[in-house]
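Undergrad: For the sequence shown, the working numbering begins at 11 and goes up steadily by one. For each residue, glycine too, the CB sits at the ideal point set by N, CA and C. All of these numbers come straight from a predicted model, not from anything done at the bench.
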Amino acid sequence: MGEYLPPPLGILELASYLEEKAEDVEIEVLDCQAEQFSWQDLENHIERLTPDIVAPSALATCNSYAVANTVGIAKKVNPQTTTVVGGQHFTATADESLAAYPEIDIIVRGEGEQTFAELVREFGQHKKPALHKIKGISFKQGDRIFHNPPRAFIKDLDDLPFPGYHLVREHMDKYHFTMMAGSKNYALIEGSRGCPHKCTFCSQWKYWNGQWRSKSAKRIADEFEYCYNEYGSKFLWLVDDNFGLGKHVDDLCDEILKRGIADDILWFVQARIDDVIQHQNVLSKMHKAGNQWMLIGAESGNIATLETFNKKIRPSDVKQAVELLRKSDIFAQATFIIGERKDSAQTIHHLREFANHVDPDLAIFMILTPFPGTDLYEEARQNQWIEDSNFANYDMTHAIMPTENLSRKQLQQELYKCYSSFYGSVGRRLKGLLAPNKMKRRTYRYLAGQGLLKTLASLF
Ligand code: B12
Numbered sequence: 011m012g013e014y015l016p017p018p019l020g021i022l023e024l025a026s027y028l029e030e031k032a033e034d035v036e037i038e039v040l041d042c043q044a045e046q047f048s049w050q051d052l053e054n055h056i057e058r059l060t061p062d063i064v065a066p067s068a069l070a071t072c073n074s075y076a077v078a079n080t081v082g083i084a085k086k087v088n089p090q091t092t093t094v095v096g097g098q099h100f101t102a103t104a105d106e107s108l109a110a111y112p113e114i115d116i117i118v119r120g121e122g123e124q125t126f127a128e129l130v131r132e133f134g135q136h137k138k139p140a141l142h143k144i145k146g147i148s149f150k151q152g153d154r155i156f157h158n159p160p161r162a163f164i165k166d167l168d169d170l171p172f173p174g175y176h177l178v179r180e181h182m183d184k185y186h187f188t189m190m191a192g193s194k195n196y197a198l199i200e201g202s203r204g205c206p207h208k209c210t211f212c213s214q215w216k217y218w219n220g221q222w223r224s225k226s227a228k229r230i231a232d233e234f235e236y237c238y239n240e241y242g243s244k245f246l247w248l249v250d251d252n253f254g255l256g257k258h259v260d261d262l263c264d265e266i267l268k269r270g271i272a273d274d275i276l277w278f279v280q281a282r283i284d285d286v287i288q289h290q291n292v293l294s295k296m297h298k299a300g301n302q303w304m305l306i307g308a309e310s311g312n313i314a315t316l317e318t319f320n321k322k323i324r325p326s327d328v329k330q331a332v333e334l335l336r337k338s339d340i341f342a343q344a345t346f347i348i349g350e351r352k353d354s355a356q357t358i359h360h361l362r363e364f365a366n367h368v369d370p371d372l373a374i375f376m377i378l379t380p381f382p383g384t385d386l387y388e389e390a391r392q393n394q395w396i397e398d399s400n401f402a403n404y405d406m407t408h409a410i411m412p413t414e415n416l417s418r419k420q421l422q423q424e425l426y427k428c429y430s431s432f433y434g435s436v437g438r439r440l441k442g443l444l445a446p447n448k449m450k451r452r453t454y455r456y457l458a459g460q461g462l463l464k465t466l467a468s469l470f
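(1) Considering Cα atoms alone, identify which of Gln214, Gln288, Arg203 and Cys212 is closest to isoleucine 230.
(2) Mapping DSSP to helix, strand and coil, what is histidine 157?
(3) Nearest to leucine 267 by CA position, among Ala299, Asp115, Phe364 and Leu372, is which residue?
(4) Which residues does DSSP pair with phenylalanine 163 in a beta bridge?
(5) Among Arg58, His55 and Thr71, which has the Cα closest to the Cα of serine 399?
(6) In chain order, what residues of the same chain lie with their CB nearer than 7 Å to the CB of valine 130, ignoring the 5 residues before and after it?
(7) If you measure between the beta carbons of lysine 278 and methionine 190, is that distance less than 8 Å?
(8) State the Cα-Cα distance for the pair histidine 258 and histidine 157, rounded to the nearest angstrom.
(9) Is it buried or exposed for threonine 413, if we count other Cβ within 10 angstroms and need 16 for buried?
(10) Only counting the same chain, and skipping five residues up and downstream in sequence, which positions put a Cβ closer than 6 Å to that of aspartate 369?
(11) Under 6 Å Cβ to Cβ from threonine 103, same chain only, skipping five residues before and after it: list those, please.
(12) Quick one: using the 10 Å Cβ neighbour count with 16 as the cut-off for buried, is leucine 255 buried or exposed?
(13) State the Cα-Cα distance for the pair proline 112 and proline 89, rounded to the nearest angstrom.
(14) How many whole angstroms separate the CB atoms of serine 74 and alanine 68, which I take to be in contact at a CB cut-off of 8 Å?
(15) Using only the heavy atoms of ligand 1, determine whether one of them is closer than 7 Å to the beta carbon of glutamine 422.
(16) Only counting the same chain, and skipping five residues up and downstream in sequence, which positions put a Cβ closer than 6 Å to that of valine 178?
(17) Let's test the definition: count the other Cβ atoms within 10 Å of the Cβ of lysine 137 and tell me whether it reaches 16, buried, or not, exposed.
(18) Keeping to the same chain, check which residues put their C-beta closer than 8 Å to that of leucine 22; ignore five residues upstream and five downstream.
(19) DSSP state of phenylalanine 401, grouped into three classes?
(20) Is threonine 71 helix, strand or coil by DSSP?
(21) Would you tell me roughly how many angstroms separate the C-alpha atoms of serine 48 and asparagine 403, rounded to the nearest one?
(22) By alpha-carbon positions, which one of Asn301, Gly97, Gly242 and Tyr426 ends up nearest to alanine 355?
(23) Kindly examine ligand 1 and report whether one of its heavy atoms sits closer than 7 Å to the Cβ of glycine 349.
(24) Is tryptophan 247 close to ligand 1? I mean its beta-carbon at under 7 Å from any heavy atom of the ligand.
(25) Sorted by chain position, which residues of the same chain lie with C-beta nearer than 6 Å to lysine 225's C-beta, five sequence neighbours on each side aside?
(26) Out of Gln422, Gln46 and Glu350, which one is the CA nearest neighbour of threonine 465?
(27) Return the CA-CA distance between valine 77 and valine 95, expressed in angstroms with no decimal places.
(28) Run the CB neighbour count on threonine 60, radius 10 Å, all protein chains shown included, and call it buried at 16 or more, exposed below.
(29) For ligand 1, I want to know if aspartate 168 counts as a neighbour, meaning its beta carbon is within less than 7 Å of at least one of the ligand's heavy atoms.
(30) Within the present structure, is the beta-carbon of phenylalanine 381 separated from the nearest heavy atom of ligand 1 by less than 7 Å?
(31) Using 8 Å as the threshold, is the C-beta distance between alanine 197 and tyrosine 241 below it?
(32) What is the DSSP secondary structure of glycine 220, counted as helix, strand or coil?
(33) Please go through the same chain and pick out, in chain order, the residues whose beta-carbon is closer than 8 Å to the beta-carbon of leucine 262, but skip the five residues on each side of it.
(34) Alpha carbon to alpha carbon, how far is leucine 372 from glutamine 343? Give it in angstroms, no decimals.
(35) Taking 7 Å as the cut-off, is the CB of glycine 96 close to at least one heavy atom of ligand 1?
(36) Taking leucine 334 and valine 286 to be in contact with their CB atoms under 8 Å, please state how far apart those CB atoms are, rounded to whole angstroms.
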């Protein structure tokens, strides 16, 4: 993805909720990436700040050791500091993580806002906090690990305060995503949580219990406008797993257009291919309202593989969706997955042909990764398919498991071949550099200087 610095949205949402619901709490959001902190800088900072609670963001499984290291540093500075972690990885591995990392005191499982606020209030009010009564946490007491009952989800996401961007105000000008938006200020906006579909490789739907909850169109547009006016954010990335594309998107576009900011912003969404087809009428309005980039999950051109993934689309839908996006001048990024158990050199060769046939503006090839929390993880563990248990490599670029026909090394080589087949084509590169769509021209110019293939070759 090249050069980027994203704002830490998850932790900013927790922070603004705390500000609203837990009085007398002093909050500092420390963005270590924006500060370019070393581990030593972090240690010095924690020493100066003397926090009662340290709660790092996690985002993805591949960051789990960095999270453990962060709370380890907090404990080293002061063993009395309470350390709290959360997010998908630690929710899915609550038992193992508490056992493996003595430096983690408490895990907030699932949706964080209410649980974390209640926890912080409890610590503020009582010398001996009554952890057993707080729903949604797992914790250690002595040698025993406790898992309290889960907490119900927030009913209406419009009740959440805006993310606490003011807590990282000094960094707002630094957040950027060069490949996607050049030097435009970059902000993340959450329109909805969860997804009703149940793709076997995805760790999100189980985490959000197969439910999809959305903020209202007005509320999402308010956040767009706020980030634009207050921080000059012109590249707005909607983090929704599944943007939906139904009537609420039509309404959202009306709201954005009404506010007169559409021509000056660029926004990005992830959507399902069947929704692109079903709601194709909304695409041109989306483009008019500033949506210039959409990510769609194609995953495979093989019907059996799509069924194994429980993806519920047909290969022919992929081509149709890309064409619809192209017609609306929305830059189409498609993802493809290799490494399904039955994959062989031949099936992946077919996938490459499929990707070339579908011809999205940008293709991302990923290796099937058994993220904790997925059915795939359980299946892979039971069958002892997992050969790499270093979570730092769980980034969909490293091969973690072999297939029935390919070793991990061969799979890694196949990933390289996928990129080199798609981007090695001189015709595609030229078409990209001269494309009528300005996003495409910029992306291909950027990619040309990235040495992507060299990096991928270094993985095997
Ligand atoms: C935006 C985004 C990015 C941005 C970064 C954004 C950032 N720094 O904040 C970019 C593009 C850079 C990115 C990169 C990657 N990403 Co990403 N990303 C997302 C996305 C779309 C949104 C994240 C978000 O802000 N969500 C909204 C917030 C509010 O939700 P949340 O983080 O889950 O937090 C809530 C709770 O989980 C909980 N919580 C979370 N953390 C904590 C911590 C504490 C202490 C507490 C109490 C509670 C708590 O409370 C919060 C409020 O309820 C998610 C999918 C998704 N919709 O969440 C994928 C996702 C997190 N990414 C994923 C992956 C795999 C990656 C990459 C590895 C991809 C790659 N190959 O490079 C890299 C990893 C980079 C890195 N080392 O961190 C996967 C992770 C899967 C997994 N289990 O590991 C996800 C889930 C996508 C998916 N469907 O598979 N990503």
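TA: This is what the structure gives:
(1) Arg203
(2) strand
(3) Ala299
(4) Partner(s): none; phenylalanine 163 has no beta bridge.
(5) It is Thr71 whose Cα lies nearest to the Cα of serine 399.
(6) Leu28, Ala32, Val35 and Ile63
(7) The amino acid at residue 278 is misidentified as lysine; the sequence shows phenylalanine. A contact, by the Cβ cut-off of 8 Å.
(8) 37 Å
(9) buried
(10) none
(11) Only Pro382 meet the Cβ criterion.
(12) buried
(13) 11 Å
(14) Confirmed, about 7 Å.
(15) no
(16) Val39 and Asp41
(17) exposed
(18) Val39, Pro173, Gly174, Tyr175, Leu177 and Val178
(19) helix
(20) Reduced to three states, the DSSP call for threonine 71 is helix.
(21) 21 Å
(22) Tyr426
(23) Glycine 349: no, Cβ never under 7 Å from ligand 1.
(24) yes
(25) Leu167, Asp168 and Gly201
(26) Gln422
(27) 8 Å
(28) exposed
(29) no
(30) yes
(31) yes
(32) coil
(33) Gly201, Ala227, Ile230, Ala231 and Ala299
(34) 5 Å
(35) yes
(36) About 6 Å separates the Cβ atoms of leucine 334 and valine 286, confirming a contact at the 8 Å cut-off.
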